[in-house]
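Asker:
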Amino acid sequence: MHPDLDRKKNHVKRLIVECYKHLFRHHKHNMEIWRYNFYLYQLEEMRKARLVRVDDMKTKIDLSGLAGFYPLPKNHKFSPLLITPNINIELNGFSETYEQLMWLPNNQEFANQFYLDCEKVYVAKGYSKDTIINNMVIQLLLMNGYIEVEDLTLSRITEKANRETIAAAKFAVVKKLKEIESEKTGKK
């Protein structure tokens, strides 16, 4: 059929396995995650494209005036996600008051345990702050057995992990990202 298409699909699958291999126990994978990441990959490839005029293939089209469009350099590396838009919405709605939940007894110690696991988590690049946070939260929940790979397809995260668990994971992730950001700005 299309060997180039298959090659690109396999490339995206390899990136997902490379970034999240420690989370796919017993070689379980998720087809929806693969499909969604391939979609994201295709969108990024479109942002790398050199657009030219149809009537003059040598004249490049300038899209700098297009609001919200930011071209990517050719050497930009795709960063895969473990979340889909549905999971992102689910986690955003479920953890909006995570800071208030941190006042519950023992939740701070719980967050500290998650924080230690943040060292093993893949930090995606090129996405909104909420998406990056939620992607890290999903990894922590998978890593600690609160959810299974199959739950990513069903978007049942909030049925498997309670508010306090998600709040503790989000608190740990936000703390880790602040630490990473302060290290970057401290070096410059």
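Taking the numbering used here, the leading residue of the sequence shown gets 14, the next gets one more, and so forth.
The C-beta atom is built at its ideal place from N, Cα and C for all residues, glycine as well.
Treat the numbers as computed from the prediction; the structure is a model and nothing was measured.
#1: Locate the alpha helix (DSSP H) running through phenylalanine 107, then write down its first and last residues.
#2: Relative to the C-alpha of lysine 142, which candidate in Pro16, Tyr49, Glu122, Lys183 has its C-alpha closest?
#3: Return the CA-CA distance between aspartate 69 and lysine 189, expressed in angstroms with no decimal places.
#4: Tell me, to the nearest whole angstrom, how far the beta carbon of phenylalanine 107 is from that of isoleucine 46; I am working on the premise that it is less than 8 Å.
#5: Does the distance from the C-beta atom of arginine 50 to that of valine 67 stay below 8 Å?
#6: Report the rounded CA-to-CA distance for methionine 59 versus tyrosine 52, giving the unit in angstroms.
#7: With a threshold of 16 other CB atoms inside 10 Å of the CB of tyrosine 83, please say whether the residue is buried or exposed.
#8: Taking lysine 87 as the reference, give the member of Ile29, Ile160, Tyr54 with the closest Cα.
#9: In the structure shown, what three-state DSSP assignment does lysine 142 receive?
#10: Nearest to alanine 174 by alpha carbon, out of Leu129, Met156, Val134?
#11: Are the Cβ atoms of leucine 104 and glutamine 152 separated by less than 8 Å?
#12: For the alpha helix (DSSP H) that contains valine 25, what are its first and last residues?
#13: For isoleucine 193, count neighbouring C-beta atoms within 10 Å of its own C-beta (all shown protein chains included) and say buried if the count is 16 or more, exposed if not.
#14: Rounded to the nearest angstrom, what separates valine 136 and glutamate 122 at their Cα positions?
Answerer: Based on what the coordinates show:
#1: In the sequence shown, the residue the question calls residue 107 occupies position 94. That run of the alpha helix (DSSP H) goes 98-107.
#2: Within the sequence shown, numbered from 1, the residue matching residue 142 stands at position 129. Residue Lys183 is the option with its Cα nearest to lysine 142.
#3: In the sequence shown, the residue the question calls residue 69 occupies position 56. In the sequence shown, the residue the question calls residue 189 occupies position 176. If you take the alpha carbons of aspartate 69 and lysine 189, they lie about 50 Å apart.
#4: Position 94 of the sequence shown, counted from the first residue, corresponds to residue 107. Position 33 of the sequence shown, counted from the first residue, corresponds to residue 46. At roughly 20 Å, the Cβ-Cβ gap does not stay under 8 Å, so phenylalanine 107 and isoleucine 46 are not in contact.
#5: Position 37 of the sequence shown, counting from 1, holds the residue named residue 50. Position 54 of the sequence shown, counting from 1, holds the residue named residue 67. Here residue 50 turns out to be asparagine, not arginine, going by the sequence shown. No, the Cβ-Cβ distance between asparagine 50 and valine 67 is not below 8 Å.
#6: The count along the sequence shown starts at 1 and reaches residue 59 at position 46. The count along the sequence shown starts at 1 and reaches residue 52 at position 39. Answer to the nearest angstrom: the Cα atoms are 11 Å apart.
#7: As a position in the sequence shown, residue 83 is number 70, starting the count at 1. Burial call: exposed.
#8: The residue you call residue 87 lines up with position 74 of the sequence shown. With distances taken between Cα atoms, lysine 87 lies closest to Tyr54.
#9: Position 129 of the sequence shown, counted from the first residue, corresponds to residue 142. The answer is helix: DSSP assigns lysine 142 an H, G or I state.
#10: As a working mapping, residue 174 is identified with position 161 in the sequence shown. Among Leu129, Met156, Val134, the Cα nearest to that of alanine 174 belongs to Met156.
#11: Position 91 of the sequence shown holds residue 104. Position 139 of the sequence shown holds residue 152. No, the Cβ-Cβ distance between leucine 104 and glutamine 152 is not below 8 Å.
#12: Working through the sequence shown from its first residue, we reach residue 25 at position 12. Note, valine 25: alpha helix (DSSP H), 16-33.
#13: Here residue 193 is taken as the residue at index 180 of the sequence shown, counted from 1. So isoleucine 193 ends up on the exposed side.
#14: Stepping through the sequence shown from its first residue, residue 136 is reached at position 123. Stepping through the sequence shown from its first residue, residue 122 is reached at position 109. For valine 136 and glutamate 122, the distance between alpha carbons rounds to 23 Å.
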